[in-house]
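Novice: Residue numbers (full-length UniProt numbering), protein chains in the order written: chain A, 1 to 768; chain B, 1 to 768.
Glycine residues also receive a C-beta, built at the ideal position from the N, C-alpha and C atoms.
If you're wondering where the values come from, they're calculated on a predicted model, not measured in any experiment.
Number of protein chains: 2
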Amino acid sequence: MNQEYIKADNWSIIEEGFDQETVKSSESLFSLGNGAMGQRANFEERYSGPTFQGSYIAGVYYPDKTRVGWWKNGYPEYFAKVLNAPNWIGIDVLVNKEPLDLFTCTSVDDFRRELNMKEGWYKRSFKATLPNTIRIQVEITRFLSLELDEIGAIDYAISPLDQDAEITFIPYLDSGITNEDSNWDDKFWNTTSVDSKGDRAYIQAHTMKTDFKTCTFMGAELHLDGKKVNIDPEVSQKETWIGHAYTQGVKQGERLTLIKFGGYTVSRNHKADTLVDAADMVLDKAFELGFEALFQSQKKAWAAIWHMSDITIEGDVKAQQGIRFNIFHLNQTYLGTDSRLNIGPKGFTGEKYGGSTYWDTEAYCIPFYMATKNQEVARNLLKYRYDHLEKAIENAQKLGFEKGAALYPMVTMNGEECHNEWEITFEEIHRNGAIAFAIFNYYRFTGDYSYIPEMGLEVLIGIARFWYQRANYSEAKEKYVILGVTGPNEYENNVNNNWYTNYLAKWCIDYTVEQLHKVKDGYPEDYQRIKGHTQLTTMETDKWEEVAKNMYFPYSEKYGVYLQQDGFLDKELIPVEQLDKLERPINQKWSWDRILRSPYIKQADVLQGFYFFEDHFTLEELEKHFDFYESFTVHESSLSPCVHSIQAAKLDRMDQAYRFYLRTSRLDLDDYNKEVEEGLHITSMAGTWMSIVEGFGGLRVIDDKLSFTPRIPKEWESYSFKINFRNRVIKVTVSEGETKFKLEGNEQMSIRYKGKRLELNPNEEISA
Amino acid sequence: MNQEYIKADNWSIIEEGFDQETVKSSESLFSLGNGAMGQRANFEERYSGPTFQGSYIAGVYYPDKTRVGWWKNGYPEYFAKVLNAPNWIGIDVLVNKEPLDLFTCTSVDDFRRELNMKEGWYKRSFKATLPNTIRIQVEITRFLSLELDEIGAIDYAISPLDQDAEITFIPYLDSGITNEDSNWDDKFWNTTSVDSKGDRAYIQAHTMKTDFKTCTFMGAELHLDGKKVNIDPEVSQKETWIGHAYTQGVKQGERLTLIKFGGYTVSRNHKADTLVDAADMVLDKAFELGFEALFQSQKKAWAAIWHMSDITIEGDVKAQQGIRFNIFHLNQTYLGTDSRLNIGPKGFTGEKYGGSTYWDTEAYCIPFYMATKNQEVARNLLKYRYDHLEKAIENAQKLGFEKGAALYPMVTMNGEECHNEWEITFEEIHRNGAIAFAIFNYYRFTGDYSYIPEMGLEVLIGIARFWYQRANYSEAKEKYVILGVTGPNEYENNVNNNWYTNYLAKWCIDYTVEQLHKVKDGYPEDYQRIKGHTQLTTMETDKWEEVAKNMYFPYSEKYGVYLQQDGFLDKELIPVEQLDKLERPINQKWSWDRILRSPYIKQADVLQGFYFFEDHFTLEELEKHFDFYESFTVHESSLSPCVHSIQAAKLDRMDQAYRFYLRTSRLDLDDYNKEVEEGLHITSMAGTWMSIVEGFGGLRVIDDKLSFTPRIPKEWESYSFKINFRNRVIKVTVSEGETKFKLEGNEQMSIRYKGKRLELNPNEEISA
């Protein structure tokens, strides 16, 4: 652990004391989001020290020109970048005309940040002595409203401590911002108007190329000791900046407060020529309610979220804080109300990994959203891929595939591929399988079959067609093989017959054919529409089945395990534990060729297959594969430990399971990878949730019933979580030797507990 | 063939008629070089149409920042760029104050270019009507002096055709030039002084970062109908430009000539503060001799080159022109007098493939230079690698190798790696083997063993250490394997057990051990020095030998061939001839993943091994491998057809051999790859020479004797070439059914002809 400065607390993330060195890390950790917009924990007032500014608008991106060494056919022209949006939070502060800047203050005392996860707000307070020797006390509260999701609210309060002072607040908007992650230092925003009206201001700007039109807006109010002060602001304005200066004499001990509402209206949600009107409407609402009422509604909205998604852990504050931090950020990032959006790997906390959607969504995030939201949310995530099917077919065509074969992109914003390393873009094709698996998983969990005839089957057909064409017959093996792929373990590139990929390919074909029959029988009208649309024939599906039936799977008789890929046993099979600590992480210490020819596994690969298709294998098989592959796994992806944690728990190795859990749950809080200043690992946070619910709780869905095989780490007294299963909510509380189930609502429900059937009555707690 | 505008001619490259579309191609084809500097065939006078300006100074480069998608450990920080140097050829021409610019002339007639390869000069002539209706006749002769290799000479002559005219010549220097191939549009040159003195001018400039200091200089003289005109030039000068204007009234039919000498003095060859003095010295010499005498010495120098290196072909003008074009450009690029220089793949004809030295030098170029120059030239090429040994050891260290293991760079200027694609930089390690092979080949051909104890053995030890460390023991195969490589066939990346690489690795170790013994016995002092320097022990060499003895070679019983790599037979083995023509070249039509999983071979790979180690295999084995691999080879590298041509000839398939020969010899003249405007393929030109001498002529060195098994394509009446073998020169003339040998000098010599011994007497032609 590299970072111990965050205080352990059940519900809040707290930093005490001002340290310039942690500013950028804290900007990530204390980020706010409301699904529609996000904001790193940048200071409102000027800060001349090192900082990483980030304001983000969901779905607004910039297609940056790709940067490659040598161009290869099939590379995408651009790489969608999560875009730093115009700044709406800025408030310059002058005290007797001296600017407040924590980097230049002669002293900063009692500095404290709190991200209150329970209620969804962020507060910062400190006492500072300015270069002009005036001491002030400052307290700022900020939140991004869940009720009015185009608005954020700031309460910025100052008291002069030792003398009277003249205080100037200059709330401002700024569209002259830059992007840290730009490839070519291009300008991303074009500002078209800067306007002021009374206490409000507006900057209209659009992104270059993508032409997302935005109005960044603000409105402000001044209060002295709680009483509104009416001053006309002094307006100053530049090409990409507008500020409103409010100056007020403040007596020692009095408290001058600026309430600032600000945010964005965007052409994704409004007509482009009504953005200022829309901004006024939302500002009207905000001012009508006032900061306090909006703050109360924020607390209420978060209470509702926590009511369903909270996980409690007794006896381990750090573990408790970790899991809540993960659940909080998942909910800040994606609320599932807009099927055009998805879950970016950094959410609203940084720019890295341009593009919003990876296979992370299907493999790691969907279970969390299925179990803690109503099923529409997961359905929207599936619909997102259905809406991108045409683009996935075009993408496959670019690579030479035909007849409606679909290859979903490795990274995308709008369905087009945004990644451009051949070994990933062209070869990490298992992503296609995760998308099919999510369809299966969604139906398994929700019981909502309608998605398949309505949308899913066409996605499955495109995917099955891809696998059929991507495999080829090997005369030497007398089997179908899949050559030249990269598996989930990205420390192997361009390998042949990655077991996980081959297994998934076969499964996709089998599952698609099964759904074709099911839809044909049960949804004949949909079937006819789909048949017409896809021109699918039995001759074609027969050929698919031939490939699926004769797929090759590399296997070692000696070790009794499926091999990660052809040739895996040619490697020097030295277990990770024998590696010198100084050599790790290998992705920082070793050259790429050395990593590639080593046996070391970045993240679950064969074991990812055992995770998806657990019921296809015996416990003994799992154990053998776990023992074999775990010994070579370096877990240098944030997505790795959770799968191993779930499997270790299943194998009743709770110490190991707990170690993996800790690594995933406090990855960012403890900054394991020394990179948290770049942003948080949002999608892996869903893996943490899985570690508890599926790993420790042993949650599965078997034959349309929830099934639990709970275990508890010896470090914990108890833990609890809730599952929304087909609109029935069940709370599970696990302690050593006892599991309690409590069903909400009115209907009975039967579940399995350690393999046995258990009947639950509404609102009655059962101890098992 | 895409380009038919070059006239067939035995000794010259000729273009007739002015076509704006061919300007850039011709700028490449008519390039001049003298080993120390080079110049694309850019016009001296202004040209406002599309052009690719290029003036190059041998050994002067710029370390451009690398451009990559995602950084990987071990990547080099920079990529050495062949640098466009300040322009010394420029001569602005005004006719009655109207600038001459062929792009804007109302007519251009009788336009003709000739590159006279026999005598080493380039002439351009035309009649043009300027926008001001004045018609002029122009004739320009240019050459880069072999005698004074810091100087180029231009004779620029104009006659007004229909009326008297005032003609102004403004010879100039310009250091405000740009580089087409720049990654980041950086400025490469910094100009420090611009000076004029009488008829001479100087610009001193140095390259950024590498700080090569240069003085670009010129001197001029004006002649009217052959009589010197004395005018003081009008000097004009800017920050990076200086011009001298000479204005003269010229009567209709009179001929006004500007003689311009210009070029570079460089801190690589002179003290940095004496560059202007050095320029004056070489200008003094040039003006003392005068254009005509220098021109005569040029013809003499080229006659000497051709005397030794010419290949004649009777009955096939295009083939004759092709081979001379290749020999001419090889000699323009590298003369072997400076061991700091090497043979860049584009020579002095373009910027692409930054860096000068590839394994092309060792694998393709050394045989040409060994046989057509004295042995010092090849020795200098070997010394170049010896001088870079420390850098190669550092390079290997960066990738995790230890104890003096050396990995030579894929591309280099000064010994440091300049390439940055992991699959090439880190994995195309067979280059190390070619460097060892060249040492073997040099000794085999020249009989000069001294290089090995003096320098070569240390190179071999570094290379053997690398192979020993790069191989690992496979428990599964019970053999040593080499994982994760790219062979010469770059259409495969990160494969296991590339046969060529494994074979070369084993051979390198065996050969090194053999040389160790030989040096120990024959050169004990060198042996002690080397042992001290390398800390080599018998324990270490024993371990090498263990690896060499137990190296794994993939083999197919079914086909009776060594496999290009593990898993090759899993591919869909469809021969190239069954591919749709529209799919080719696959590197332009297919995505990279599709190329990788196809069986198609970019250039000789297994067959490259059969070329190097021909005597390790039977003719039957060669035939089997040739038939198997040729059917999958697409020859999309300029280095491919020559090896296949040599082997087809050996297999007595002369039609096939001739087809391959044509493809290699006129690659640039006929612009097969539609890219000649970017520059010529210099290193593959040496492969063309090999196709004739080793392929058709069947030249080998066996047991210290030259051996010939000549064949002739049915399209030719006869062909001849000369070989300088251990300071004895032998001319071989082959026609159908007859081969004539003529030995120069005074000593007898015995050779083998079709396996039989043949005695040659000096200056006596023997017919066999």
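Could you spell out the range, first to last residue, of the beta strand (DSSP E) harbouring residue 730 of chain A?
Specialist: Looking at the DSSP string, the run of the beta strand (DSSP E) that includes residue 730 of chain A is 728–735.
Novice: Residue 135 of chain A to residue 141 of chain A, Cα distance in whole Å?
Specialist: When rounded, the distance between both Cα atoms is 20 Å.
Novice: Check whether the Cβ atoms of residue 155 of chain A and residue 291 of chain A sit closer than 8 Å, and answer yes or no.
Specialist: For residue 155 of chain A and residue 291 of chain A, yes; Cβs fall inside 8 Å.
Novice: Examine the Cβ distances between the stretch 597–612 of chain B and the stretch 653–666 of chain B and report whether three or more of them are shorter than 8 Å.
Specialist: Touching, no.
Novice: Quick one: list the residues of chain B neighbouring residue 398 of chain A, beta-carbon separation under 9 Å, in chain order.
Specialist: Here the neighbours are 591.
Novice: Using 8 Å as the threshold, is the C-beta distance between residue 209 of chain A and residue 56 of chain A below it?
Specialist: It is not a contact, given that the beta carbons lie outside the stated cut-off.
Novice: Are three or more beta carbon pairs between the stretch 359–373 of chain B and the stretch 423–442 of chain B nearer than 8 Å?
Specialist: Flag = yes, the stretch 359–373 of chain B and the stretch 423–442 of chain B touch.
Novice: Quick one: using the 10 Å Cβ neighbour count with 16 as the cut-off for buried, is residue 553 of chain A buried or exposed?
Specialist: By the neighbour-count rule (16 or more Cβ atoms within 10 Å), residue 553 of chain A is not buried but exposed.
Novice: Any idea what DSSP makes of residue 206 of chain A, helix, strand or coil?
Specialist: DSSP places residue 206 of chain A in strand when its eight states are reduced to three.
Novice: Quick one: which chain B residues come within Cβ less than 9 Å of residue 426 of chain A?
Specialist: Per Cβ cutoff of 9 Å: 591, 592, 593, 594 and 596.
Novice: Mind listing, in chain order, the continuous alpha helix (DSSP H) runs of no fewer than 4 residues lying wholly within the stretch 509–541 of chain A?
Specialist: Whole alpha helix (DSSP H) segments, 4+ residues: 524–534.
Novice: Of all the alpha helix (DSSP H) runs that stay within the bounds of the stretch 556–589 of chain A, which reach a length of 4 or more residues?
Specialist: You should have 586–589.
Novice: Measure the C-alpha to C-alpha separation of residue 549 of chain B and residue 506 of chain B and round it to an integer number of angstroms.
Specialist: Roughly 8 Å between the two C-alpha positions.
Novice: Could you give the residue range of the alpha helix (DSSP H) that holds residue 440 of chain B?
Specialist: Taken as a continuous stretch (DSSP letters only), the alpha helix (DSSP H) holding residue 440 of chain B covers 431–446.
Novice: Residues in its own chain within less than 7 Å of residue 8 of chain B by CB, not counting five upstream and five downstream?
Specialist: The answer, listed in chain order, is 317, 318 and 321.
Novice: Tell me whether residue 86 of chain B is buried or exposed, calling it buried when 16 or more other Cβ atoms sit within 10 Å of its Cβ.
Specialist: Result: buried.
Novice: Considering Cα atoms alone, identify which of A:391, A:573 and A:51 is closest to residue 632 of chain A.
Specialist: It is A:573.
Novice: Residue 106 of chain A: buried (16+ other C-beta within 10 angstroms of its C-beta) or exposed?
Specialist: Result: exposed.
Novice: Would DSSP call residue 405 of chain A helix, strand or coil?
Specialist: It is coil, neither helix nor strand.
Novice: Using 8 Å for Cβ pairs, my map puts residue 75 of chain B next to residue 425 of chain B. What's the rounded Cβ distance?
Specialist: Right, their Cβ atoms sit about 7 Å apart.
Novice: Taking the continuous alpha helix (DSSP H) assigned at residue 738 of chain A, which residues delimit it?
Specialist: Where residue 738 of chain A is concerned, there is no enclosing alpha helix (DSSP H), although the beta strand (DSSP E) it sits in stretches over 738–743.
Novice: I need the straight-line Cα distance from residue 566 of chain A to residue 330 of chain A, nearest angstrom please.
Specialist: If you take the alpha carbons of residue 566 of chain A and residue 330 of chain A, they lie about 38 Å apart.
Novice: Tell me, to the nearest whole angstrom, how far the beta carbon of residue 89 of chain A is from that of residue 39 of chain A; I am working on the premise that it is less than 8 Å.
Specialist: Contact holds; Cβ gap of about 6 Å.
Novice: Examine the Cβ distances between the stretch 722–734 of chain A and the stretch 335–347 of chain A and report whether three or more of them are shorter than 8 Å.
Specialist: Taking 8 Å as the limit for Cβ pairs, the verdict is that the stretch 335–347 of chain A does not touch the stretch 722–734 of chain A.
Novice: Cβ atoms of residue 444 of chain B and residue 701 of chain B: under 8 Å apart, would you say?
Specialist: Yes, they are a contact pair.
Novice: For residue 331 of chain A, does the three-state DSSP call read helix, strand or coil?
Specialist: Residue state, collapsed to three classes: helix.
Novice: May I ask you to report which of helix, strand or coil DSSP gives residue 758 of chain A?
Specialist: In this structure, residue 758 of chain A counts as strand in the three-state DSSP scheme.
Novice: Out of B:84, B:735, B:619 and B:667, which has the shortest C-alpha to C-alpha gap to residue 652 of chain B?
Specialist: Here the closest residue by C-alpha is B:619.
Novice: Between the stretch 451–463 of chain A and the stretch 526–534 of chain A, do at least 3 Cβ pairs fall closer than 8 Å?
Specialist: The stretch 451–463 of chain A, when compared against the stretch 526–534 of chain A, does touch it at the 8 Å Cβ threshold.
Novice: Give a yes or no on whether the minimum CB-CB distance between residue 402 of chain B and chain A is below 8 Å.
Specialist: Closer than 8 Å: no.
Novice: Can you find a heavy atom of the ligand SAM that lies under 7 Å from the Cβ of residue 506 of chain B?
Specialist: This structure lacks the ligand SAM, and indeed carries no ligand of any kind.
Novice: At a CB-CB cut-off below 9 Å, which residues of chain B make contact with residue 395 of chain A?
Specialist: Result: empty, since nearest Cβ-Cβ is about 11 Å, beyond 9 Å.
Novice: I'd like to know whether the C-beta of residue 576 of chain A is nearer than 8 Å to at least one C-beta of chain B.
Specialist: With 8 Å as the cut-off, residue 576 of chain A does not count as an interface residue toward chain B.
Novice: Out of A:242, A:325 and A:60, which one is the CA nearest neighbour of residue 32 of chain A?
Specialist: For residue 32 of chain A, the nearest C-alpha among the options comes from A:325.
Novice: Using DSSP with H/G/I as helix, E/B as strand and the rest coil, what is residue 40 of chain A?
Specialist: Of the three classes helix, strand and coil, the one that applies to residue 40 of chain A here is coil, per DSSP.
Novice: Output yes if chain E places a C-beta closer than 8 Å to the C-beta of residue 474 of chain A; else output no.
Specialist: Here chain E cannot be found, since the structure's protein chains are A and B.
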